[in-house]
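Below is one structure; the comments refer to it alone.
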Amino acid sequence: MLNGIHPHIHLFLPSSDPTIQLEARLYLPLPIHAPLALPITTNIHDSYTNPPLHYDKMGQEVTNTIKGLGVERLVVAAHPWGRLGGNMLDPQAPTSLPDRPSPPPKTAALTYNVRGVGCSQGSQPWLGVGYDPADFAHIEKLSTEILGSVKEVYRFGYSWGSLAVTLAPRSPLLKRIFLVSPPITFFAAITYFSKPNFKTAINNLLDQQIHLKMIYGTRDEFTAASVFHSIGQDTRLLEKCQVDEGDHLYRGDHGEILRKEIEKWLG
Numbered sequence: 042m043l044n045g046i047h048p049h050i051h052l053f054l055p056s057s058d059p060t061i062q063l064e065a066r067l068y069l070p071l072p073i074h075a076p077l078a079l080p081i082t083t084n085i086h087d088s089y090t091n092p093p094l095h096y097d098k099m100g101q102e103v104t105n106t107i108k109g110l111g112v113e114r115l116v117v118a119a120h121p122w123g124r125l126g127g128n129m130l131d132p133q134a135p136t137s138l139p140d141r142p143s144p145p146p147k148t149a150a151l152t153y154n155v156r157g158v159g160c161s162q163g164s165q166p167w168l169g170v171g172y173d174p175a176d177f178a179h180i181e182k183l184s185t186e187i188l189g190s191v192k193e194v195y196r197f198g199y200s201w202g203s204l205a206v207t208l209a210p211r212s213p214l215l216k217r218i219f220l221v222s223p224p225i226t227f228f229a230a231i232t233y234f235s236k237p238n239f240k241t242a243i244n245n246l247l248d249q250q251i252h253l254k255m256i257y258g259t260r261d262e263f264t265a266a267s268v269f270h271s272i273g274q275d276t277r278l279l280e281k282c283q284v285d286e287g288d289h290l291y292r293g294d295h296g297e298i299l300r301k302e303i304e305k306w307l308g
């Protein structure tokens, strides 16, 4: 694996608006020698010389080969706010999941750039949710169709990405959600007039027996620890992990804590 990037397929997937394409990377649990039919990328620099493969041009051989991998679990990740540099190559995104030794079940990970980030078309609003939740749900559905045999879906949202994974319409395959440092105070403001707002969306997911896990630092720059403490106090379906002295980012030892918590979350 070169430049720390797992073998994957670099794609353009249609958003909830079929005229707007979103750049995505589908990380697969591949054998040592990847099937020749798959247009695999292993070096991040390939992205600058080889354009992403369009969803409608994947071809039967590629789609059949992907389905033949027998992927049963899909993790879809949403990145931090694009206006502050967030993108699908965020180092905390769980893109190395397929590398886990004999993960039961076979797991694939999908990351993508929201509108206006990287090669994704369209633009993001400065304020408000925009199309992020609808796009997330659509990308999630397309990815399960591409893989063919998915039995369960997990969602991973880091910072701003936490908003998309909680507000996105629920997939019938959805089992678990991992929220990393959601800026809850900020979310409360920008979703005040939304239906549902962030807090209501969390409660709805818990009511539907979706297991949520939340990790946060006691020195988070956007949300006080007391706010994190106040969420989901009356349920065991919301698991919390507090990182002492941790801030909004996960660097050094704090990054290692996050990686270990992701491993626990996957089971």
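First residue of the sequence shown: 42, per the numbering used here; consecutive thereafter.
Glycine included, every Cβ here is placed at the ideal spot set by N, Cα and C.
Starting from residue 228, follow the alpha helix (DSSP H) in both directions and report where the run begins and ends. Looking at the DSSP string, the run of the alpha helix (DSSP H) that includes residue 228 is 225-231.
Residue 283, DSSP secondary structure in three states: strand
Find the nearest neighbour of residue 187 within the set 46, 221, 247 and 52, judged by alpha-carbon distance. 52
Pull up the DSSP beta-bridge partners for residue 216, would you. In the DSSP output, where bridge partners are listed per residue, residue 216 has none listed.
Nearest to residue 54 by CA position, among 280, 154 and 168, is which residue? 154
Reduced DSSP secondary structure (H/G/I, E/B, other) of residue 300: For residue 300, the secondary structure class from DSSP, reduced to helix, strand or coil, is helix.
If you draw a straight line from the alpha carbon of residue 160 to that of residue 119, how long is it in whole angstroms? 16 Å
I need the DSSP call for residue 241, collapsed to helix, strand or coil. DSSP places residue 241 in the helix class (H, G or I) of the three-state scheme.
Coil, strand or helix - residue 206 by DSSP: helix
Using a Cβ-Cβ cut-off of 8 Å (strictly less than) and excluding sequence neighbours within five positions of residue 212, which residues of its own chain qualify? 178, 181, 182, 185 and 194
Are residue 81 and residue 46 close, meaning C-beta to C-beta below 8 Å? One thing to note: residue 81 has its Cβ no nearer than 8 Å to the Cβ of residue 46.
By the DSSP assignment, the alpha helix (DSSP H) with residue 180 in it spans what residues? 173-188
So residue 239 and residue 228 are supposed to be a Cβ contact under 8 Å. How far apart are they, rounded? 4 Å between Cβ atoms; contact.
If you run the structure through DSSP and keep just helix, strand and coil, what is residue 319? Outside the shown range of the chain (42 to 308) lies residue 319, about which nothing can therefore be said.
Considering just the uninterrupted stretch of the alpha helix (DSSP H) at residue 108, what are its terminal residues? 100-108
Per-residue DSSP class, three states only, for residue 44: Confidence at residue 44 is low in this model, with a pLDDT of 45, below 50, so its placement is unreliable and no value can be given for it.
Whole-Å CB distance - residue 268 paired with residue 226, under 8 Å assumed: About 6 Å separates the Cβ atoms of residue 268 and residue 226, confirming a contact at the 8 Å cut-off.
Can you grab the Cα-Cα spacing for the pair residue 203 / residue 107, in whole Å? 28 Å
Give the DSSP-derived three-state secondary structure of residue 96 in the structure shown. helix
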